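Residue numbers (the UniProt record's numbering): 1 to 279.
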């Protein structure tokens with residue numbers, strides 16, 4: 001296997017730069033237009049330890065989803081993907097979108113801790129359960145949130161009972177011979193330790209993993225294998241590559257949004273009733 005060819009998505013999709021620039025424009029326009037929002041909520045002391053919370057409207061009880069951006073843990077921030085909240089908001093789901101520090105400035109372990117801290121902030125604001133979702137590196141972080149022992153952190157167990165990773169990387173060892181790994185500072189032992197695919201499935205958790213049908217064979221394999229290992233389901237979205245796979249999130253009528261909204265509502269309905277952060 002040519003790991004570089006399989007995992008270097010920007011090389012696989014020559015128009016990726018144009019797509020990402022379009023994300024930034026769409027995200028900025030969305031943030032400007034959407035009224036019910038809290039921007040830059042701090043979940044830590046660092047400059048990038050911030051999240052944006054978008055709400056469907058005031059004064060109601062909203063389910064909550066956390067959406068984590070991608071970029072191979074080395075690029076981008078929440079400002080590139082604000083528009084990915086549009087579909088879920090139209091379906092009555094509040095969406096929190098965090099930034100995090102980037103490798104090589106911090107180790108990958110630190111980013112996992114930061115996403116746990118972001119969930120902790122939402123809990124302190126009244127969220128009892130949430131749906132985790134994320135793209136690429138964000139899919140990896142989604143899996144780690146599902147696998148977290150929240151009770152050991154002084155938080156309620158079952159805080160993240162479901163996840164919907166999109167084009168996630170769940171085994172890190174295949175990245176080691178690639179250019180992507182140079183900024184991650186991983187050796188074989190750390191790659192194994194930080195691979196959700198090598199963890200046991202969290203008890204009672206619900207996983208639905210998605211990947212674009214036009215993505216590389218390795219991304220599609222990782223999604224299938226991880227879903228099978230954790231007893232979840234996997235789905236390929238026909239014709240979508242590693243970047244266009246996010247397009248359905250901005251479409252309130254897409255099947256992806258319908259599934260995610262249903263998962264978020266089910267989580268809320270079987271958990272605590274009220275969410276002060278979203279009203």
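From the three backbone atoms N, C-alpha and C, an ideal C-beta is built for every residue, glycine too. Quick caveat: nothing in here was measured; it's all calculated off a predicted structure.
Rounded to the nearest whole angstrom, the CA to CA distance from residue 122 to residue 9 is 32 angstroms. Beta-bridge annotation (DSSP): residue 112 is not paired with any residue.
In the three-state scheme derived from DSSP, where H, G and I count as helix and E and B as strand, residue 98 is classed as strand.
Contact between residue 185 and residue 165 is absent: CB atoms are separated by about 23 angstroms, not below the 8 angstroms threshold.
Taken through DSSP and simplified to helix, strand or coil, residue 236 comes out as strand. Bounds of the beta strand (DSSP E) holding residue 135 are 131–135. Take the alpha-carbon of residue 40 and the one of residue 1: they are about 42 angstroms apart. In the DSSP assignment, residue 52 falls within the beta strand (DSSP E) that extends over 50–54. Distance between residue 75 and residue 172, taken at the CA atoms: about 17 angstroms. Residue 55 sits close to residue 94, with the two beta carbons spaced by under 9 angstroms. In this structure, 244 is the residue among 260, 244, 217 and 124 with its C-alpha nearest to the C-alpha of residue 22. For residue 208, the secondary structure class from DSSP, reduced to helix, strand or coil, is strand. With contacts defined as CB atoms closer than 9 angstroms, residue 117 and residue 69 fail to qualify as a contacting pair.
Rounded to whole angstroms, residue 61 and residue 266 show a C-alpha spacing of 13 angstroms. The beta carbon of residue 84 is closer than 7 angstroms to those of 67, 246, 249 and 250 in its chain, skipping five residues each way along the sequence. A residue is called buried once 16 or more other Cβ atoms fall within 10 Å of its Cβ, and residue 132 is buried on that count. Taking residue 259 as reference, the option from 162, 125, 49 and 53 with the minimal CA-CA separation is 162.
If you draw a 10 Å sphere on the C-beta of residue 18, you find fewer than 16 other C-beta atoms in it, and that means exposed. Beta-bridge annotation (DSSP): residue 163 is paired with 132 and 207. Between residue 96 and residue 51, the CB-CB gap stays under 9 angstroms. When C-alpha distances from residue 88 are compared across 270, 257, 27 and 49, the shortest belongs to 257. DSSP places residue 30 inside the alpha helix (DSSP H), whose first and last residues are 16–33.
When the five nearest sequence neighbours on each side are left out, the beta carbons in the same chain lying within less than 6 angstroms of the beta carbon of residue 236 are those of 211 and 213, in order along the chain.
Here the alpha carbon of residue 192 sits roughly 7 angstroms from the alpha carbon of residue 198.
It is roughly 33 angstroms from the alpha-carbon of residue 30 to the alpha-carbon of residue 217.
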